[in-house]
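> My structure is below; once you've seen it, I'll send some questions.
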Amino acid sequence: MGRVIVLGSINVDLETTVGAYPQPGEKVVGHSLSRYAGGKGANQAVAARRGGSEVVMVGAVGDDDAGRASLNRLFAQGIKLQVERIPLVPTGHAIILSDGHTNAIIVLPGANAKVGPNPLRPIRGLGEGDLLLTQLETPVDTVADAVRFARRYGARVMVNLAPWADLPADVIAAADPLVLPAADLPRLEASGVCPASLVVLRGKEGLEWDGQRFTGEVVPADQVADTVGAADALIGTLASAIVQGADKATAARAALAAAADSVRHAGAQPDPRL
1 MGRVIVLGSI NVDLETTVGA YPQPGEKVVG HSLSRYAGGK GANQAVAARR GGSEVVMVGA
61 VGDDDAGRAS LNRLFAQGIK LQVERIPLVP TGHAIILSDG HTNAIIVLPG ANAKVGPNPL
121 RPIRGLGEGD LLLTQLETPV DTVADAVRFA RRYGARVMVN LAPWADLPAD VIAAADPLVL
181 PAADLPRLEA SGVCPASLVV LRGKEGLEWD GQRFTGEVVP ADQVADTVGA ADALIGTLAS
241 AIVQGADKAT AARAALAAAA DSVRHAGAQP DPRL
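Per UniProt numbering, numbering of the sequence shown is gapless, rising by one per residue and ending at 274.
Structural data, given as structure tokens:
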């Protein structure tokens, strides 16, 4: 069985709950402040590991307490680390406002913006059976380099096109699958570029994989603790199922179940406090 190699962000999430989001110029009172492990890359790596796959995390943190805490937690999850520590640059952070049903997020990239070119070169034995999973919270040029490098060695590539960025056509075409939220589908269609396969995330309505719809559990509102990271749980679990050889239906069901589990706990990862 191959590995899931995750190139992506490693963040510390500072999350507070509010009764309503502030309007410009308005001050609101938060009801709590929690410090959680986060970052789309780290979230997806943890989900892939929980799905039973061997996982390698590639990225960067600052040489600070937040970076050390993040790496210690990933290591404790059984994830192998190819993570650079960048001096004089803070570890990435996200400031999250949540009203219990939706969230608003401010991302401070920090060390994530310093992930350099050719980030997969230190990984030994990269090849067929492996899957590169990446997102867009690290530099676009770095992501493109990694996708091309992985394909050169026969690895499968899965790209979560979030947050939206204009990727080179060959990178989009290599994605198998490309994963994006339904709201960004018109932008992809306007580009005229078709990925090898396409997963469209439709929230409570499930997902579409190359036009085939899959649905999962709709969690009752009174059981929803936090929606932060639900898509990452889905994507990491999907990658894990793919690398283990699951068919589309099996992989989609596992991914949707992971997303449902995710919204039942606070934070983007299970037991995520740092």
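All residues carry an ideal CB built from backbone N, CA and C; glycine is no exception.
Remember, it's a predicted structure, so these values are computed and weren't measured experimentally.
Which of helix, strand or coil does DSSP assign to residue 242?
Your numbering for residue 242 matches position 242 in the sequence shown. Reduced to three states, the DSSP call for residue 242 is helix.
> Suppose you measure from the CA of residue 34 to the CA of residue 233; what does that come to, to the nearest Å?
Taking the first residue of the sequence shown as position 1, residue 34 is located at position 34. Taking the first residue of the sequence shown as position 1, residue 233 is located at position 233. Whole-angstrom Cα-Cα distance: 20 Å.
> Would you check if the distance between the CB atom of residue 311 and the CB atom of residue 239 is smaller than 8 Å?
Nothing about residue 311 can be reported from this structure: the residues present for the chain run from 1 to 274 only.
> Considering only the alpha carbon of each residue, which of 11, 99 and 116 lies closest to residue 68?
Stepping through the sequence shown from its first residue, residue 68 is reached at position 68. The shortest Cα separation from residue 68 among 11, 99 and 116 belongs to 11.
> Would you be able to state if there are at least three C-beta pairs under 8 Å between the segment 124-137 and the segment 67-82?
Not touching, per the Cβ criterion.
> Classify residue 101 as buried or exposed, calling it buried when 16 or more other Cβ atoms lie within 10 Å of its own Cβ.
Locating residue 101 in the sequence shown gives position 101, counting from the first residue. So residue 101 ends up on the exposed side.
> Please list, in chain order, all residues of the same chain as residue 241 whose beta carbon is under 8 Å from its beta carbon, the five residues on each side excluded.
Taking the first residue of the sequence shown as position 1, residue 241 is located at position 241. These residues qualify, in order along the chain: 51, 250, 251, 254 and 255.
> Could you spell out where the beta strand (DSSP E) holding residue 286 opens and where it closes?
It is not possible to answer for residue 286, since the shown part of the chain is limited to 1 through 274.
> Between the Cα of residue 248 and those of 273, 132, 209 and 269, spot the shortest distance and give me the residue it belongs to.
Along the sequence shown, read from residue 1 onward, the residue named residue 248 stands at position 248. The shortest C-alpha separation from residue 248 is found at 209.
> Classify residue 93 as buried or exposed, calling it buried when 16 or more other Cβ atoms lie within 10 Å of its own Cβ.
Working through the sequence shown from its first residue, we reach residue 93 at position 93. Per the 10 Å Cβ criterion, buried.
> Along the chain, which unbroken stretches of the alpha helix (DSSP H) at least 4 residues long are found entirely within the segment 149-211?
Taking only runs of at least 4 residues, the alpha helix (DSSP H) segments lying wholly in the segment 149-211 are 169-174 and 185-191.
> Hey, could you find the ends of the beta strand (DSSP E) residue 134 is sitting in?
Taking the sequence shown and counting its residues from 1, one reaches residue 134 at position 134. From DSSP, the beta strand (DSSP E) with residue 134 extends over 131-134.
> Could you please give the first and the last residue of the uninterrupted alpha helix (DSSP H) stretch that includes residue 222?
As a position in the sequence shown, residue 222 is number 222, starting the count at 1. Residue 222 -> no alpha helix (DSSP H), and no H or E assigned at all.
> Can you tell me whether residue 189 is buried or exposed? The criterion is at least 16 other CB atoms within 10 Å of its CB, across all chains shown.
On the sequence shown, position 189 is the one that residue 189 refers to. Exposed, because fewer than 16 other Cβ atoms sit within 10 Å of the Cβ of residue 189.
> Please name the residue in 161, 168, 156 and 127 whose C-alpha comes closest to that of residue 176.
Mapped onto the sequence shown, residue 176 falls at position 176. The shortest Cα separation from residue 176 among 161, 168, 156 and 127 belongs to 156.
> What residue from 104, 63 and 70 has the CA that sits closest to residue 87's CA?
Walking along the sequence shown from the start, residue 87 turns up at place 87. Residue 63 is the option with its Cα nearest to residue 87.
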